[in-house]
Amino acid sequence: MASVSNSFMRGFIASYPHIFDGLNNLVDVGGGTGTAVKFIAEAFPRLRCTVFDLPHVVAKALKSESFDVVGGDMFEKIPPADAIFLKNVLHDWNDEDCVRILKRCKEAIESNNNGGKVIVVDIVIGFESNDPKAIETSLFFDISMMGFFGSRERNQQEWHDVIITAGYSDYKMCPVQLGVYSVVELYP
């Protein structure tokens, strides 16, 4: 999975560097061992990055001077930051848990007193895609998530419902030109 993340993150950062404009710090929630944040920190050395995941997960995190590692539970409290980064996290959870996670993210960016945003990288089924293979792949992931985790991929309306229920005032959704993923920027 790390090799897929490496390839994706290189392309994502090269194609969408503006997403990180104006940010001073970023927390990668559910960031595992730091694979994604390593690329962000290298591309934007002035951006202070933190990997945040369960303590037993971050115990195995990459060692780097370019980012910090913090153990904790995203359902309880997330460290404050200008931006929260959630890559392939929310599709692991049902709608109720997604709302809980997004509320914690909102608290983290609001407590930083800098406006902030949440950056979600996940599948949005059928969003601005006329490619039958992309839609087919999204639906395959949807069925897989249902079978393995009791969760699912979401379409544009389902994402809207989760975002609004979590209390966000605005969001912007854009397709990523790298497969089936989309980027959703959420604003408090």
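This note's numbering puts the first residue of the sequence shown at 1019, with every later residue one more than the last.
Note that beta-carbon positions come from the ideal geometry of N, C-alpha and C, so glycine has one too.
Considering only C-alpha positions, which residue in the set the options is nearest to residue i?
i       : options                               : result
Asn1043 : Gln1174, Pro1206, Lys1095 and Ile1137 : Ile1137
Ile1226 : His1109, Asp1100, Val1139 and Gly1048 : With the chain running from 1019 to 1206 in the structure shown, residue 1226 is simply not present.
His1074 : Arg1172, Pro1063, Val1087 and Val1055 : Val1087
Asn1106 : Phe1026, Ser1187 and Tyr1189          : Phe1026
Asn1024 : Phe1103, Thr1053 and Gly1048          : Thr1053
Lys1095 : Gly1029, Val1045 and Asn1173          : Val1045
Pro1206 : Glu1083, Ile1102 and Gln1174          : Ile1102
Between residue i and chain B, is the shortest Cβ-Cβ distance under 8 angstroms, so that the two count as touching?
i       : result
Gly1185 : The structure shown contains no chain B; it is built from a single protein chain.
Quick check on DSSP: helix, strand or coil for residue i?
i       : result
Pro1073 : helix
Pro1035 : helix
Ser1084 : coil
Asp1160 : Reliability of the predicted coordinates at Asp1160 is poor, the pLDDT of 48 falling under 50, and no value is obtained from them.
Arg1234 : Because the chain in this structure spans residues 1019 to 1206, residue 1234 falls outside the shown range and cannot be described.
Taking residue i and residue j to be in contact with their CB atoms under 8 angstroms, please state how far apart those CB atoms are, rounded to whole angstroms.
i       : j       : result
Val1047 : Phe1062 : Wrong, their Cβ atoms sit about 18 angstroms apart, outside the cutoff.
Lys1135 : Glu1203 : 5 angstroms
Ile1141 : Tyr1189 : That belief does not hold up - the Cβ atoms of Ile1141 and Tyr1189 are roughly 16 angstroms apart, past 8 angstroms.
Cβ pair count under 8 angstroms reaching 3, the segment 1178 to 1197 against the segment 1112 to 1124: Output reads yes: the segment 1112 to 1124 touches the segment 1178 to 1197.
Within the segment 1101 to 1140, ranges of the beta strand (DSSP E) (whole runs, at least 3 residues): 1101 to 1105, all fully within the segment 1101 to 1140.
contact_flag[the segment 1099 to 1115, the segment 1077 to 1086] where n(CB pairs < 8 angstroms) is 3 or more: Contact annotation: the segment 1099 to 1115 does not touch the segment 1077 to 1086, with fewer than three C-beta pairs closer than 8 angstroms.
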